[in-house]
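So the sequences go chain by chain: V and P.
Numbering that gives the first Met the number 0 puts the first residue of the first sequence at 0, with every later residue one more than the last.
Numbering that gives the first Met the number 0 puts the first residue of the second sequence at 0, with every later residue one more than the last.
Every residue, glycine too, gets a C-beta built ideally from N, C-alpha and C.
Predicted model, so just to flag it, every value in this text is computed and none were measured.
Number of protein chains: 2
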Amino acid sequence: MHILTAEARTHYLEKYPIHDFFSFDIEPYLEVCQFDKGEWIFQEGSFPETLYYMIEGKAKLYMTHKNGKVSLIEYLEAPRFMGEIELLNEARYTKGIQTVTKTICYSITQSCKEKLLADALFLRRLCVFLGEKATKITAKYTQNQAYPFENRLAAFIQLSADQGVYKEKHTEICEYLGVSYRHLLYVLAQFCEEKILEKRKSGYHIIDEKRLAQLSQEIQ
Amino acid sequence: MHILTAEARTHYLEKYPIHDFFSFDIEPYLEVCQFDKGEWIFQEGSFPETLYYMIEGKAKLYMTHKNGKVSLIEYLEAPRFMGEIELLNEARYTKGIQTVTKTICYSITQSCKEKLLADALFLRRLCVFLGEKATKITAKYTQNQAYPFENRLAAFIQLSADQGVYKEKHTEICEYLGVSYRHLLYVLAQFCEEKILEKRKSGYHIIDEKRLAQLSQEIQ
DNA sequence: TAAAAAATATGAGATATCTCACATTATTGT
DNA sequence: ACAATAATGTGAGATATCTCATATTTTTTA
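In structure tokens form, the structure reads like this:
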């Protein structure tokens, strides 16, 4: 992680205004910083002392279980807060967050913690953010247990395909969707067999859009 | 649902003080109400116009999927807010909430919505509540996909057993834990076979506490 | 650019979990 | 007190999903 210079700072603050999040001047407490691809923003189990607001980039939220199994819990995409739970509660240790791409964040030091926690404007925005977060997680996991993997995968392919081509990393996606690597490959092969997808060098091409939509619509 | 009289109102307000949630006087906007066992607090799909704070009782949060499958998402236990997401966002329709026992709530009309959304004291408490909610849901569902049902059931039995006896309703629990009724019965039978539980008229008695703890501790 | 590490691929066998059908109690409303 | 409804219990067969072993290809790193 490194902190950006005055020029870059000005540029980002103009591009992604944040002043209206607060009813006091946040600039003295704010820095613009950059994480390289693959860098860890929070180490799992640490006690973070900074509130981040991600403005560009993408990261993954991880958690390691006692049995050593690692779950990819969520993709975090800009714009969003990180470390907000730790701001509200004392001494909460965090899950791990690792960037997927180069990521730019506003970092807000906890030296203005008191001010933040007394600022209705900021708190209201945080409430909305947290509420949406809870709703989204609930929806995702409720689906997970109510639908077979086939439907969830179809939905995910629709969501993540670019120009009709699906080319995510299997190792990552099987974690995210909560199935084994083997099973993901099985179902992808099955989609190919059923002529819904076609596997080429460039990725899995969607050839039966309609059928895919049908499968995924059983969810939404 | 019916609204309690002045005496009862005073009694509850003394027993469960709520004044310090707000920096203004909430009493003019507040009523104490009671829901009977099995009554619906929110009908699924409706647009609630009241913020509730449950002070006594227990309820279940439900959601119906497109395919007709119903998920029991969460047990809601006092004390907690209900309808807070709908207060923050315009026109959000809600999931269904049905009481399990007689339930007492403070109901807060949306006529003080503006005041609430400008009150840092209240918003801060709401943030903490929402943050915990998100954390809890994440933990629950992350476990769901990382551990086989055997472990989760062991943990749930430990949690819900009363004096060493487990006697929840199967129909409800299989929904909550996200498995079929049949499978729940299988695993309970398996626990009996392994002499972890013993089935009697009064319920399933825990006879091998140690082994049960072992199974469930693989999670926590 | 060679070696190491990560990602992809596939087979085979095990098991966790589901669906459906049906019988037997409890519980509840009238 | 009786009918209706909900909850419990069990068998059998299907299938969704996992584990493990092993080979190949791609990407990363020294």
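| Check | Outcome |
| --- | --- |
| Stretch pair the segment 121 to 134 of chain P + the segment 116 to 136 of chain V: three plus CB contacts closer than 8 angstroms | yes |
| Near-chain P residues of the segment 123 to 136 of chain V - C-beta to any C-beta below 7 angstroms | Arg123, Leu125, Cys126, Val127, Leu129, Gly130, Lys132, Ala133, Thr134, Ile136 |
| Exposure label - phenylalanine 46 of chain V; buried when at least 16 CB within 10 Å | exposed |
| Closer than 9 angstroms at the beta carbon, the chain P residues around serine 201 of chain V | Simply none; closest approach about 31 angstroms. |
| Reduced DSSP secondary structure (H/G/I, E/B, other) of threonine 4 of chain V | coil |
| Cutoff 8 angstroms: alanine 212 of chain P Cβ touching any chain V Cβ | no |
| Chain P within 8 angstroms of alanine 154 of chain V, Cβ atoms only | no |
| Residue from V:Met62, V:Leu122, V:Ile96 whose Cα sits closest to the Cα of leucine 87 of chain P | V:Leu122 |
| Contact list for aspartate 118 of chain P against chain V, beta-carbon separation under 8 angstroms | Ala119 |
| Short CB-CB distance (under 8 angstroms) between alanine 188 of chain V and chain P | no |
| Glutamine 213 of chain V - containing alpha helix (DSSP H), residue span | 208 to 216 |
| Continuous alpha helix (DSSP H) stretch holding serine 159 of chain P: start and end | 148 to 159 |
| Same chain, Cβ closer than 8 angstroms to arginine 91 of chain P, neighbours up to 5 away in sequence not counted | Phe46, Ile84, Glu85 |
| Proximity test, Cβ basis, 8 angstroms: threonine 141 of chain P and chain V | yes |
| Within the segment 24 to 110 of chain P, ranges of the beta strand (DSSP E) (whole runs, at least 3 residues) | 29 to 34, 39 to 41, 49 to 55, 57 to 63, 69 to 76, 79 to 81, 95 to 98, 102 to 108 |
| Simplified DSSP assignment, three categories, for lysine 205 of chain P | Residue 205 of chain P is actually isoleucine in this sequence, not lysine. The answer is strand: DSSP assigns isoleucine 205 of chain P an E or B state. |
| Reference arginine 124 of chain P; option with closest CA among P:Lys194, P:Pro147, P:Tyr61, P:Pro78 | P:Pro78 |
| Residue range of the beta strand (DSSP E) that includes lysine 198 of chain P | 196 to 199 |
| CB contact check: leucine 183 of chain V to chain P, cutoff 8 angstroms | no |
| Contact under 8 angstroms by Cβ, tyrosine 28 of chain V with threonine 108 of chain V | yes |
| Bridge partner(s) assigned by DSSP for tyrosine 165 of chain P | P:Tyr203 |
| Span of the alpha helix (DSSP H) around valine 178 of chain V | Taken as a continuous stretch (DSSP letters only), valine 178 of chain V belongs to no alpha helix (DSSP H), as it is neither H nor E. |
| C-beta contact flag for phenylalanine 155 of chain P and valine 186 of chain P at 8 angstroms | no |
| Residue span of the alpha helix (DSSP H) that contains lysine 136 of chain P, given as start and end | It should be pointed out that residue 136 of chain P corresponds to isoleucine in this sequence rather than to lysine. 119 to 145 is the extent of the alpha helix (DSSP H) around isoleucine 136 of chain P. |
| Amino acids of chain P, ordered along the chain, whose beta-carbon sits closer than 8 angstroms to that of leucine 87 of chain V | Arg123, Cys126, Val127, Gly130 |
| Chain V within 8 angstroms of glycine 177 of chain P, Cβ atoms only | yes |
| For phenylalanine 21 of chain V, the three-state DSSP class (helix, strand or coil) | coil |
| Within-8 angstroms CB hit, glutamine 144 of chain P to chain V | yes |
| Among P:Lys198, P:Gln142, P:Ser110, the one whose alpha carbon lies nearest that of lysine 166 of chain P | P:Lys198 |
| Under 7 angstroms by beta carbon: chain P residues contacting isoleucine 84 of chain V | Gly130, Thr134 |
| Cβ distance (whole Å) where asparagine 150 of chain V is taken to contact leucine 214 of chain V below 8 angstroms | 6 angstroms |
| Lysine 14 of chain P CB to nearest heavy atom of the ligand MN below 7 angstroms | This structure simply doesn't include the ligand MN, nor any ligand for that matter. |
| Residue burial classification, tyrosine 180 of chain P (beta-carbon count within 10 angstroms, cutoff 16) | exposed |
| Option nearest lysine 101 of chain V by Cα separation, candidates V:Asp35, V:Ala153, V:Ile195 | V:Asp35 |
| Within 8 angstroms, strictly: CB atoms of isoleucine 40 of chain V and isoleucine 103 of chain V | no |
| Between the CA atoms of threonine 141 of chain P and isoleucine 72 of chain V - distance to the nearest angstrom | 7 angstroms |
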